[in-house]
Every structure is written in C-alpha cells, then in structure tokens.
Amino acid sequence: MNPHSEPSKRTGDKPPTPTTVTPAAANPPNPPRSPHAPKPQAPADPPSSSESSDPTAPIDPHGPAETSSPPGPEKTTNPFTSTDPAVSLPASNLTGSATPSRPSHSSTPADAPKALPTEAQVTLRGPAELADALPYLMGFYPDDSIVMVALNGERGRFGGRVRLGIPTDTAQWPDVADQLAECLISAGQECDARPAAIIVYLCQEPAAGESGKDVKDRLRPLAQRLRTACGALDVPVLEALCLSNGRFWSYCCPDFRCCPAEGTPMVMPGTSVMAAAAAYAGMQVRGSLKEMEARLTPRTGPRAAEQEKALDTAAGALVPRMLRRDGAAAVRRDTLDLAGAMIHRFRQDTPSGSNRARDACDDALITDAEAADLILGLQDRVTRDRAAEWMDGPAAAPALRLWRALARRCAGGFAEHAVAPLTLAGWVCWSTEDGPSARVALSCALAIDPDYTFAQLLHRAVNEGLDPEPLRRCLREQHREAADEHRPAAPAPAAKDTRQPTKRPVPTRPGPVGRPRGPRGGTGPGGRTTDGRGRRRAGRDGDRSRR
222 MNPHSEPSKR
232 TGDKPPTPTT
242 VTPAAANPPN
252 PPRSPHAPKP
262 QAPADPPSSS
272 ESSDPTAPID
282 PHGPAETSSP
292 PGPEKTTNPF
302 TSTDPAVSLP
312 ASNLTGSATP
322 SRPSHSSTPA
332 DAPKALPTEA
342 QVTLRGPAEL
352 ADALPYLMGF
362 YPDDSIVMVA
372 LNGERGRFGG
382 RVRLGIPTDT
392 AQWPDVADQL
402 AECLISAGQE
412 CDARPAAIIV
422 YLCQEPAAGE
432 SGKDVKDRLR
442 PLAQRLRTAC
452 GALDVPVLEA
462 LCLSNGRFWS
472 YCCPDFRCCP
482 AEGTPMVMPG
492 TSVMAAAAAY
502 AGMQVRGSLK
512 EMEARLTPRT
522 GPRAAEQEKA
532 LDTAAGALVP
542 RMLRRDGAAA
552 VRRDTLDLAG
562 AMIHRFRQDT
572 PSGSNRARDA
582 CDDALITDAE
592 AADLILGLQD
602 RVTRDRAAEW
612 MDGPAAAPAL
622 RLWRALARRC
632 AGGFAEHAVA
642 PLTLAGWVCW
652 STEDGPSARV
662 ALSCALAIDP
672 DYTFAQLLHR
682 AVNEGLDPEP
692 LRRCLREQHR
702 EAADEHRPAA
712 PAPAAKDTRQ
722 PTKRPVPTRP
732 GPVGRPRGPR
742 GGTGPGGRTT
752 DGRGRRRAGR
762 DGDRSRR
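Be aware that the sequence shown starts at 222, since it is given in our numbering, and climbs by one per residue.
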C-alpha cells in the first residue's frame, strides 16, 4: 500500500475570501448493517499503488489501504460541511487541510457569546456536485481507485480520506472493504473526530468493449460491501458513486428520475461552483493519478537500453574509484558538483508546454553518462542528504525536474536505484507545499523499497500534516557547516609587539681630518662643510654657488 493524503493546514496560512452556494439534494437511506467482524489480514497479493494517511498505522506501502486523516481535529484536508442532505465546503484554504469542527470540550466559558462565523460556505448538494468535488478533494483525479471521505460533525464537514487502487481479484473485495472502513473510522476516533457519515467513490474507466454502465454494474458488489463494512461500525454511507467515462451513477438512490440507468453526465471542467471556489483559492488540480505516475516511470525501448549500458559502464568505473584511498569522499564531491552543474543547466533552460513536452526537454538536457554518474552517486546516504539541500528558493524547481529525470533514467535492472531520486522529488514537493505530488512520488519510492527509511519518514510527515520548515532549517545549518569545513582557514593575526621602539642610530660622518680631500685648489664636494646648525657654509675658496 502506497499511501497518499492531503496536506494539512498550517496556522500561519491566511485563508482567502470564501464563497457560498446551495443547490438541492436527496438524502439516501442508511446502508444495511452486519455484525462487526474482526479485522482481516492484508491480502496476499495487494492491489497496486494506493494512498493512505492514517497517522497512527505503520507505513506499509504494499498494504491495501491508504488514509488521509491527520492526528488532530485541525489536520484534515479541505473543509467540507453538511447539513443533513447537503454537504458544504468553506471556500477558504481549498488546497490546505480541512478544518473539521472542534470537539465540544473547549476552554471558552459556556455563557460567553458565540462569535458569528466569518467564513461563507460552499455547500454541495446531491450526487452531481459531490462527483464534481472529487478532484479538488484529492488534488488530482484518482482514476482506477476506491476513495472514501469521512464527514465530521452535525454539518458533515469533510475530514479524512482514504484511497486505494481497485483490486483486480474480486475475492479480495470483502477484506479490502473491511480494512478501508476500519482504517478510516479508527483514524477519526483516535483524533476525537469519529466520522458521522462516509461518502464512497468508485472511479474506473471502461475496458475494451465495456461501457460506463458495465463498469457500474461490475463494481456494484464492491460498493455494497463497502456500505456493509461501514454500517457494521455504526457509520452510515451517505452516498456511493461510480465515476466512469464522463458519467456518474449513484448506488444509493433508487429513483431513476434523478439517477437514470444510463448515468448522468459530469459537469464540464471549470464550470461548477466548486471549480470557481477552487480557482479563487488558488487550488491546482494536477491531472489524473496515472499521468502523475507516468512522469516518474522509467523509460522503455531503445533509449532505455542505451541508458542501461551507460549505467553498467559507470558502475564498472565506480568500484575502482571507491577502493582508492579517500575514494568515497572524492566520489561524493564529484557527484554533488555534477548535480549542482545540472541544476544550473536546468535553471537556465525552462521548458514550456504540456507535462510530457516538458519532461522530454528535461531528458534532452542530461546525457546518459551524466545521468548514470548521478544515479549511482545518489545511492550513498551522505550524498543523498547533501543533495536534499536543494529544496527551496530558485533551486527547488530545477532540482525537482532533475530528480524526476533521473527517476525516468533508472531503466532495466537498475529500477531499484530510482528510490533515491524519487524520495528527493517527494521531499522537494513537500518542501514547496505540493502535498499531492509528494505523496505520489513517495508512494512510488515505497512501492520499490518499502523499507527505505527516508521515504518512510517523509511519507509519515506528509500524511500527518507536519511543517517541513524544521527539517529545512536543519539542512540549511548542515549546508553552512559543510561550507565552513571546505573554506580555507584565515592566517592567524601576528602578535602585537608591546616593546618600546628604539632610537635608530645615526651614522657618524667623517670629520675634516678623515675626510678625503680633492686636489689642492679643487672645488669638489670634499671642499663643502656645514656649521653646527646644519647650514651649509661656503667652500674654503669662497665659492657660494653650492648653497
């Protein structure tokens, strides 16, 4: 299980001005309840990548569930509230974490006047608006996924979320449904916010020869099993939707007048009230989950074979270098110097266009040999930690592009080497407040190596909505210390001489007796004399021309 969850709202963020909308909706019946069964074990062959943000459960990238409910009542994502049939969402902080209603125990006096709410609410009523809200809840469209969203409080504020790839083996559906329900509901209980209801989404595109209605009918037993699992834990499923081929179906509404058998078309992207509120709040939907994972998937074909040859060559040359005296330090230095040069090169050439076109431009900026040297050098833990210092400021964007490009170069037998660049990509995304992209990158890393400690720690931090600033501060301090170590030492200042200066001796000039004289009657320099006061006297022959 490779969990993904939404980021949590930090207290320093200033929410934008909210908007409000209130369409109409139906109130579906409660699901049937069954006796509570013990929590089943994880299936032997768990499904593909999933997202989880259960902060208390151990991180298991291959497990079946992925939750997104944070540890405290203020750490869930995208605040939605609901009054019975309707679900309302505060338009503020759509990209941040949800702020579910606080617990009843408060330090405010009971007789104190209650302040009127200053936030307007975006109210979602009916299956159509709930279906349209899904990409904004997750930050991307979760194709081929089970998504369960908890509703907290009397007004049904959206809280924790859990996402999992739909298992292809139908025999796993009962166990998966029980685990998902248990994971989402228990996470809410631990943070004193037991869900009041749950909304279920089943998202899958039709296979060859299938229609959207066929997908809906095929997934109906899974939807019913999810409803039963939640009902067994005394939490009703308010709505269960199937999204496929641009349409949606409700598993809870039996009225064909509002939920026809052929399905209801989804609203055009960007035309709903939810889309307007998200745009106003600056929220970005990053496409589908498959598109995000494709940017991190190793290349295939002839170019992959060429890159694998370069990796083999670089690995053969790396071993003799590491065996030399101080070889590890030299390799680390060379790797970091090359990474810095590549980041500068990426920064000088910023591509445009679609994500696929941008990635193609980035791939062209780095040669196979350079990529091989960086991929192998980043396998060293010290080098990887030093490379994590490029996490904010103007270096963050080119560094993220470089780590993604290196992950795509880990082809063939070097696929496991992608864990380091994938983890660095997740770290940069989290540091720049892109929680959905961080979860996707970290889940890809954990899918390759579930025991990679750095990815595990970052994944838990993202899911729990922690602030990355303390880690950034630590890395900055590490960078300063490393710079001080490589800086040449300044010469020591000379000791100050406290002795009194001695009087410089003046050489004595020879007197008239010892002074050589010129020939008699000559007027050369030897004929000049001075008086006691230093004034020049005339020559002995009375010549005053040399005054």
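Glycine included, C-beta positions come from ideal geometry on N, C-alpha and C.
Going by the beta-carbon positions, is the gap between ALA643 and ALA662 smaller than 8 Å?
Counting from 1 along the sequence shown, the entry for residue 643 is found at position 422. Counting from 1 along the sequence shown, the entry for residue 662 is found at position 441. It should be pointed out that residue 643 corresponds to Leu in this sequence rather than to Ala. Taking 8 Å as the Cβ cut-off, LEU643 and ALA662 qualify as a contacting pair.
Could you give the C-beta distance for ALA676 and VAL640, rounded to a whole number, given that I count them as a contact under 8 Å?
One-based indexing of the sequence shown puts residue 676 at position 455. One-based indexing of the sequence shown puts residue 640 at position 419. Contact flag correct, Cβ pair sits at about 7 Å.
Give the secondary structure of MET563 by DSSP, where H, G and I count as helix, E and B as strand, and everything else as coil.
Translated into positions along the sequence shown, residue 563 becomes position 342. Note: MET563 maps to helix in three-state DSSP.
Do ALA408 and LEU459 have their beta-carbon atoms positioned less than 8 Å apart in this structure?
Within the sequence shown, residue 459 is the residue found at index 238, counting from 1. Within the sequence shown, residue 408 is the residue found at index 187, counting from 1. Contact flag unset, no.
Within 10 angstroms of its Cβ, does CYS412 collect 16 or more other Cβ (buried), or is it exposed?
For the purposes of this step, residue 412 is taken as the residue at position 191 of the sequence shown. Flag for CYS412 reads buried.
Between GLY656 and chain D, is the shortest Cβ-Cβ distance under 8 Å, so that the two count as touching?
In the structure shown, chain D does not exist; there is a single protein chain.
Under the three-state reduction of DSSP, which class applies to PRO486: helix, strand or coil?
To locate residue 486, count along the sequence shown from 1; it is residue 265. In the structure shown, PRO486 sits in a strand (DSSP, three-state: E or B).
How should CYS695 be labelled, buried or exposed, when 16 other C-beta atoms within 10 angstroms of its C-beta is the threshold for buried?
Here residue 695 is taken as the residue at index 474 of the sequence shown, counted from 1. By the neighbour-count rule (16 or more Cβ atoms within 10 Å), CYS695 is not buried but exposed.
Output the boundary residues of the beta strand (DSSP E) element that contains PHE469.
By 1-based counting over the sequence shown, the position of residue 469 is 248. Residues 468 to 471.
So, using beta-carbon positions, are ARG629 and ASP594 closer together than 8 Å?
Taking the first residue of the sequence shown as position 1, residue 629 is located at position 408. Taking the first residue of the sequence shown as position 1, residue 594 is located at position 373. No, the Cβ-Cβ distance between ARG629 and ASP594 is not below 8 Å.
Could you pull the start and end residues of the alpha helix (DSSP H) that MET436 belongs to?
Position 215 of the sequence shown, counting from 1, holds the residue named residue 436. The sequence shown places Val at residue 436, not Met. VAL436 -> alpha helix (DSSP H) spans 433 to 453.
From the DSSP output, in three-state form, read off SER575 for me.
The count along the sequence shown starts at 1 and reaches residue 575 at position 354. Looking at SER575 - three-state DSSP - the assignment turns out to be coil, as it is neither helix nor strand.
In the DSSP assignment, what are the bridge partners of LEU462?
Start at 1 with the first residue of the sequence shown, and residue 462 comes out as number 241. DSSP lists TYR422, SER471 as partners of LEU462.
So, with DSSP's three-state summary, where would you put TYR501?
The residue labelled residue 501 in the question sits at position 280 within the sequence shown. If DSSP states are grouped into helix, strand and coil, TYR501 belongs with the helices.
Return the chain-ordered list of same chain residues with a C-beta closer than 8 Å to the C-beta of ARG446, the five sequence neighbours on each side being excluded.
Here residue 446 refers to the residue found at position 225 of the sequence shown. Around ARG446: TRP394, PRO395, ALA398.
Answer yes or no: do SER658 and LEU510 have a C-beta to C-beta separation smaller than 8 Å?
Here residue 658 is taken as the residue at index 437 of the sequence shown, counted from 1. Here residue 510 is taken as the residue at index 289 of the sequence shown, counted from 1. No.
Find out if the Cβ-Cβ distance for the pair ALA354, MET495 is shorter than 8 Å.
Position 133 of the sequence shown, counting from 1, holds the residue named residue 354. Position 274 of the sequence shown, counting from 1, holds the residue named residue 495. Yes. Within cutoff.
If you drop the 5 nearest sequence neighbours on each side, which residues of the same chain put their C-beta closer than 8 Å to that of GLY467?
Numbered from 1 along the sequence shown, position 246 holds the residue referred to as residue 467. Closer than 8 Å at Cβ, skipping near neighbours: GLY433, PRO486, MET487.
To the nearest angstrom, report how far apart ALA795 and ALA371 are at their CA atoms.
A question about residue 795 goes unanswered here, because the residues of the chain that appear run from 222 up to 768.
Specify, as a first and last residue, the run of the beta strand (DSSP E) that LEU385 falls within.
By 1-based counting over the sequence shown, the position of residue 385 is 164. Start and end: 378 to 386.
Identity of the residue in MET543, ARG605, TRP611, ASP670 nearest ALA636 by Cα
As a working note, residue 636 is residue 415 in the sequence shown. For the residues MET543, ARG605, TRP611, ASP670, the minimum Cα distance to ALA636 belongs to ASP670.
The alpha helix (DSSP H) enclosing ARG346, as first and last residue numbers
Along the sequence shown, read from residue 1 onward, the residue named residue 346 stands at position 125. ARG346 -> not in any alpha helix (DSSP H); beta strand (DSSP E) instead, spanning 342 to 346.
Where DSSP assigns a beta bridge to PRO371, which residues make up the other side?
Working through the sequence shown from its first residue, we reach residue 371 at position 150. Residue 371 is actually Ala in this sequence, not Pro. Its beta-bridge partners are ILE419.
Would you decide whether ARG701 is buried or exposed? Buried here means 16 or more other CB atoms lie within 10 Å of its CB.
The count along the sequence shown starts at 1 and reaches residue 701 at position 480. That one is exposed.
Does TYR362 come out as helix, strand or coil in the three-state DSSP assignment?
As a working note, residue 362 is residue 141 in the sequence shown. In this structure, TYR362 counts as strand in the three-state DSSP scheme.
Can you have a look at PRO615 and say buried or exposed, based on whether 16 or more other CB atoms are within 10 angstroms of its CB?
Taking the first residue of the sequence shown as position 1, residue 615 is located at position 394. Per the 10 Å Cβ criterion, exposed.
Can at least three beta-carbon pairs, one atom from the stretch 559 to 568 and one from the stretch 592 to 610, be found at a separation below 8 Å?
yes
For my contact list, THR653 and ALA617 are in at a C-beta cut-off of 8 Å; report their separation, rounded to the angstrom.
Working through the sequence shown from its first residue, we reach residue 653 at position 432. Working through the sequence shown from its first residue, we reach residue 617 at position 396. Between ALA617 and THR653 the Cβ distance is about 5 Å, and since that is below 8 Å, they are a contact.
Quick check on SER509: does DSSP put it in helix, strand or coil?
Looking up residue 509 in the sequence shown gives position 288. When DSSP states are grouped into helix, strand and coil, SER509 belongs to the strand group.
Taking LEU586 as the reference, give the member of ASP555, LEU627, THR604, ASP613 with the closest Cα.
In the sequence shown, the residue the question calls residue 586 occupies position 365. It is LEU627 whose Cα lies nearest to the Cα of LEU586.
Coarse secondary structure for THR644, derived from DSSP in three states
Position 423 of the sequence shown, counted from the first residue, corresponds to residue 644. The answer is helix: DSSP assigns THR644 an H, G or I state.
Tell me which residue opens and which closes the alpha helix (DSSP H) that MET612 is part of.
For the purposes of this step, residue 612 is identified with residue 391 of the sequence shown, where counting begins at 1. That residue, MET612, is in no alpha helix (DSSP H); it is neither H nor E in DSSP.
Do ARG439 and TYR472 have their C-beta atoms closer together than 8 Å?
Indexing the sequence shown from 1 puts residue 439 at position 218. Indexing the sequence shown from 1 puts residue 472 at position 251. Contact flag unset, no.
If you drop the 5 nearest sequence neighbours on each side, which residues of the same chain put their C-beta closer than 6 Å to that of TRP470?
Taking the first residue of the sequence shown as position 1, residue 470 is located at position 249. Answer for TRP470: LYS437, CYS463, GLY484, listed in chain order.
Can you list, in chain order, the residues of its chain with a C-beta nearer than 6 Å to that of ALA450? Leave out the 5 residues immediately preceding and following it.
Your numbering for residue 450 matches position 229 in the sequence shown. Taken in chain order, the residues that qualify are ALA398, ASP399, ALA402.
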